[in-house]
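Below is one structure, written out as structure tokens, with a few remarks after it.
Put into structure tokens, the structure is as follows:
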């Protein structure tokens with residue numbers, strides 16, 4: 010006899026959350042978390058104090074005094090940083106601060122896509138991007154990659170197929186620098202080729218550069234957006250690359266501050282779609298003040314620490330999985346992409362591991378062609394400390410051995 | 010010959026933003042801004058320092074350690090506060106922290122509505138709510154109000170009409186306490202009647218209580234959600250009222266922290282629609298720490314200051330508009346709803362005023378039947394200081410006189 014509110018819900022909703030959150034698993038190899046020890050707490054306190062003293066009164070106004078694109082000093086910091094590090098020439102007016110890069114993804118999708126549209130993504134890519142597209146009734150097509158980035162012949166073929174089918178791809182989604190999940194970096198030559206192919210097919214590129222600050226061992230390459238010759242030749246409002254970045258990985262994920270960089274016609278049309286009256290201003294104020302003094306030094310330290318943890322997980326994988334776990338060492342970032350023998354099903358492994366407080370990303374969730382990638386998995390090493398990484402990988406190898414007989418040797422860890 | 014990115018945009022987008030934001034007008038009588046002087050800067054600095062020292066490391070994890078519903082201590086503060094002040098019995102598990110109440114509105118609309126649906130709102134209501142519904146292809150129907158709230162006979166008639174048309178209203182949207190824009194408060198009796206009518210027609214209620222903390226001169230009434238007898242009788246998951254609140258008005262609008270309160274089946278289905286990996290955690294941390302010690306005292310001071318500014322704008326309206334401006338004194342909040350003689354067109358007045366650095370909300374934007382309300386306007390007095398309020402109202406009266414010959418006497422202010 011009770012009122013059933015669920016009858017009022019609209020149709021075609023994603024599955025509801027099963028129960029309120031309790032806690033993260035001990036061996037947390039999923040998500041974009043980083044290490045608690047790498048949060049620059051003292052500097053953030055100093056930045057909060059200084060910025061609230063100077064500008065705290067401005068919290069009385071939506072968007073502080075900077076309007077809906079977000080705190081101008083932070084936009085100016087981003088513009089300068091991207092100029093210095095990544096060859097970009099955009100001013101603060103081409104930058105929109107967002108609630109993490111995820112809001113940036115949602116806004117770009119809302120701007121461009123309708124159900125039935127087609128988007129080309131790297132074959133293995135951010136699971137959240139695939140889920141967003143599919144939830145909106147958009148078809149993803151996966152393009153092959155090697156260690157230098159997208160396979161251009163395959164891309165050409167896909168674009169031509171879509172053109173022939175009367176359904177040209179709406180955009181090419183790429184994570185060129187520290188690709189998620191492969192940890193690879195697209196070469197400069199491929200970046201130029203990608204732009205040429207996109208131009209030939211009159212297609213947009215959405216460049217997701219959320220991990221680019223976390224590159225180690227090699228300098229950060231210029232962004233695809235910065236190499237867009239169309240834009241240089243025909244005017245600053247004629248670019249074909251929409252760019253997004255984030256402070257989630259470089260400072261802290263729980264600070265929800267990301268940004269879009271695009272020509273003004275794009276920003277102008279996205280602003281009315283951003284219906285939240287601006288993203289959180291306190292986080293923007295604190296970041297602007299913090300970054301002014303500490304960004305470069307902080308990134309250097311963080312990257313060093315992540316590189317060390319990457320070496321830890323590689324050593325643990327070699328010890329406990331041996332030759333059964335194949336991977337290319339990531340060039341930066343917080344994750345490693347592992348191929349196991351075809352008999353292993355990581356979707357099943359994840360379900361078993363969960364009962365032992367181990368969380369992993371099954372390959373099927375992180376690829377366009379899920380069924381062909383059930384023997385792959387993504388492990389994030391950003392959050393757990395080195396001991397937890399070692400323990401977690403050892404336990405995971407044992408569970409994998411129990412379930413699939415792989416690896417044959419499950420290491421020396423007692424159950 | 011340049012690439013035209015606009016060809017790739019989807020159809021039926023809202024109008025783009027004309028140009029990057031420059032600055033707010035001097036006489037800013039629009040928006041939910043409050044007074045810079047009322048931002049508790051010192052206490053916010055203390056709260057930021059204390060909370061970052063204690064929990065700053067947790068920023069390394071999405072959602073801190075509280076998961077996607079947001080920082081648990083803040084949810085617990087809200088649950089307690091709503092219990093004490095407003096008769097609610099919801100636990101922290103029934104609360105979802107959002108990026109302002111605007112994200113709460115968007116999430117509820119995404120949960121419930123499809124194009125072609127019908128929603129009943131108070132005849133004069135928050136312009137952003139009307140715009141959201143219309144942008145989604147939803148029809149708004151306006152229900153009449155008096156100083157005690159919604160006219161129940163009219164509501165019954167509208168619900169019956171929609172039922173007869175085979176298109177039952179999806180929900181009733183109400184701002185019962187310090188109604189926007191009228192500043193009225195729905196009486197306890199009407200709240201009970203509203204629930205009875207909604208029950209008789211098996212309709213949901215969406216209670217937007219963003220201004221309820223800013224009531225002066227009378228105690229805050231119990232929320233409609235707290236009076237829902239269906240929920241009490243048939244189980245705690247069978248409520249028909251979805252509730253939202255915000256800290257934008259009570260602490261600071263640029264802190265984007267609002268919240269939804271609803272039964273778990275609603276929260277469970279909204280969580281996967283909130284695709285931003287949580288709202289900003291630093292703002293939640295700081296608010297939780299601040300509110301613990303200072304919320305009640307701060308609200309008392311803020312309300313007193315707003316009441317004073319309300320008296321200032323009423324005096325200025327009486328001085329400069331005389332009997333041509335009719336209004337009921339608001340019972341709290343930051344705005345006053347003014348009826349001018351039928352010859353005045355406030356949409357035109359707003360356009361003229363803008364050139365003189367005066368911003369107002371025309372009645373046509375704040376009502377369901379815009380054309381019948383072109384002689385009304387909303388003035389927000391939260392942001393400008395008393396002198397600016399007096400000057401701005403005087404100038405507005407002069408401009409109104411110049412354009413429409415109303416008021417006959419335009420005050421003693423020299424042009």
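Protein chains in written order, with the numbering used here: chain A, 10 to 424; chain B, 10 to 424.
All residues carry an ideal CB built from backbone N, CA and C; glycine is no exception.
- prompt: Do residue 438 of chain A and residue 75 of chain A have their CB atoms nearer than 8 angstroms?
  reply: The shown model of chain A, from 10 to 424, leaves out residue 438 of chain A, and the question about it has no answer.
**Request:** Below 9 angstroms between beta carbons is the criterion; list the residues of the region 11-34 of chain A that meet it against any residue of chain B, in chain order.
**Result:** Hits within the stretch, in order: 11, 12, 13, 14, 15, 16, 17, 18, 19, 20, 22, 23, 24, 25, 26, 27, 28, 29, 30, 31, 32 and 33.
*asked:* I'd like the span of the alpha helix (DSSP H) that includes residue 110 of chain A, first residue to last.
replied: That run of the alpha helix (DSSP H) goes 109-121.
Practice task
For residue 327 of chain B, count neighbouring C-beta atoms within 10 Å of its own C-beta (all shown protein chains included) and say buried if the count is 16 or more, exposed if not.
Solution key: Classification for residue 327 of chain B: exposed.
- Task: Would you verify that the beta carbon of residue 416 of chain A is, or is not, closer than 8 angstroms to some beta carbon of chain B?
- Result: By this cut-off, residue 416 of chain A is not an interface position.
Point to revise | Residue-level contact to chain A via CB, residue 218 of chain B, 8 angstroms cutoff | key: Interface annotation, residue 218 of chain B: not in contact with chain A, CB-CB separation never under 8 angstroms.
Checklist entry - Are any of the Cβ atoms in chain A nearer than 8 angstroms to that of residue 378 of chain B? => result For residue 378 of chain B, no CB of chain A lies under 8 angstroms from its own CB, so it is not counted at the interface with that chain.
Starting from the Cα of residue 188 of chain B, find the closest Cα among B/140, B/84, B/322 and B/218 and give me that residue.
Nearest option by C-alpha distance: B/218.
message = According to DSSP, simplified to helix, strand and coil, what is residue 416 of chain A?
response = Here residue 416 of chain A sits in coil by DSSP.
>> Report the start-end ranges of each beta strand (DSSP E) in the region 318-381 of chain A that is 3 residues or longer and not cut off at the edges.
In response: Here the runs fully enclosed are 344-348.
| query | Are the C-beta atoms of residue 285 of chain A and some chain B residue less than 8 angstroms apart? | reply | Interface residue (Cβ-Cβ distance to chain B less than 8 angstroms): residue 285 of chain A is classified as such.
**Prompt:** In terms of DSSP beta bridges, what is residue 215 of chain B paired with?
**Reply:** For residue 215 of chain B, which the question treats as bridged, DSSP gives the partners B/182 and B/251.
(Q) In the DSSP output, which residue or residues are listed as bridge partners for residue 243 of chain A? (A) Residue pairing of residue 243 of chain A in beta bridges, as defined by DSSP: absent, with no partner found.
- prompt: At a CB-CB cut-off below 8 angstroms, which residues of chain B make contact with residue 288 of chain A?
  reply: Chain B residues near residue 288 of chain A: 108, 265 and 289.
Should residue 123 of chain A and residue 159 of chain A be called a contact, given that it needs their Cβ atoms to be closer than 8 angstroms? No. Outside cutoff.
### Query
Among residues of its own chain, excluding the 5 on either side of residue 177 of chain B, which ones have a beta-carbon nearer than 8 angstroms to its beta-carbon?
127, 168, 171, 210, 211 and 212.
Give the range of the beta strand (DSSP E) segment to which residue 129 of chain A is assigned.
Residues 127-131.
- Using the Cα positions of residue 367 of chain A and residue 405 of chain A, report the straight-line distance between them to the nearest angstrom. Distance between the alpha carbons of residue 367 of chain A and residue 405 of chain A: 7 angstroms.
task: My understanding is that residue 107 of chain A touches residue 223 of chain A, with C-beta atoms under 8 angstroms, so please give their C-beta distance in whole angstroms.
output: Between residue 223 of chain A and residue 107 of chain A the Cβ distance is about 19 angstroms, and since that is not below 8 angstroms, they are no contact.
Exercise. Examine the Cβ distances between the region 329-348 of chain B and the region 183-199 of chain B and report whether three or more of them are shorter than 8 angstroms.
Key: The region 329-348 of chain B is in contact with the region 183-199 of chain B.
Notebook entry, point to check: Looking at the C-beta of residue 123 of chain B, does it have a partner C-beta in chain A at a distance below 8 angstroms?
Noted result: Residue contact check for residue 123 of chain B against chain A: a CB pair falls below 8 angstroms.
| field | residue 140 of chain A versus residue 19 of chain B - alpha carbon distance | value | Rounded to whole angstroms, residue 140 of chain A to residue 19 of chain B spans 20 angstroms at the Cα level.
How would you call residue 89 of chain A, buried or exposed, if buried means at least 16 neighbouring beta carbons within 10 angstroms? Around the CB of residue 89 of chain A, fewer than 16 other CB atoms lie within 10 Å, so the residue is classed as exposed.
Checklist line | Contacts around residue 352 of chain B, its chain only, beta-carbon distance under 8 angstroms, and the 5 residues preceding and following it disregarded | finding: These residues qualify, in order along the chain: 384, 413, 414 and 415.
Take residue 357 of chain B and list the residues in its own chain whose beta-carbon comes closer than 7 angstroms to its own, dropping the five residues that flank it on each side.
For residue 357 of chain B, where only same-chain residues beyond five positions count, the Cβ hits under 7 angstroms are 412.
Separation of residue 69 of chain B from residue 96 of chain B, as counted between CA atoms: Going by the C-alpha atoms only, they are around 36 angstroms apart.
field: Contact residues within the region 151-173 of chain B, judged by C-beta distance below 8 angstroms to chain A
entry: Residues passing the 8 angstroms Cβ filter: none.
Quick check: the region 55-71 of chain B against the region 314-326 of chain B, are there 3 or more CB pairs under 8 angstroms? Short answer: they don't touch.
Note to self: Measuring only the C-alpha atoms, how far is residue 37 of chain A from residue 388 of chain A?
What the structure shows: For the pair residue 37 of chain A and residue 388 of chain A, the Cα-to-Cα distance works out to about 9 angstroms.
* **Spatial distance of residue 379 of chain B from residue 133 of chain B (CA atoms)** => Put simply, the backbone Cα of residue 379 of chain B is about 9 angstroms away from that of residue 133 of chain B.
When DSSP labels each residue in this structure, what does residue 187 of chain B get in the three-state scheme? Assigned with DSSP and collapsed to three states, residue 187 of chain B falls in coil, not helix or strand.
Among A/157, A/183 and A/119, whose alpha-carbon lies nearest the alpha-carbon of residue 150 of chain A? It is A/183.
key: Anticipated Cβ contact below 8 angstroms, residue 237 of chain B with residue 204 of chain B, distance rounded   = Their Cβ separation, rounded to whole angstroms, is 6 angstroms, which keeps residue 237 of chain B and residue 204 of chain B in contact under 8 angstroms.
If you follow the alpha helix (DSSP H) that residue 265 of chain B is in, where does it begin and where does it stop? That residue, residue 265 of chain B, is in no alpha helix (DSSP H); it is neither H nor E in DSSP.
Tell me, to the nearest whole angstrom, how far the beta carbon of residue 290 of chain B is from that of residue 73 of chain A; I am working on the premise that it is less than 8 angstroms. The beta-carbon distance between residue 290 of chain B and residue 73 of chain A, rounded to whole angstroms, is 19 angstroms. This is too long to meet the 8 angstroms contact definition.
Boundaries of the alpha helix (DSSP H) in which residue 142 of chain B is found, first to last residue: Following the DSSP letters along the chain, one finds residue 142 of chain B inside the alpha helix (DSSP H) bounded by residues 136-144.
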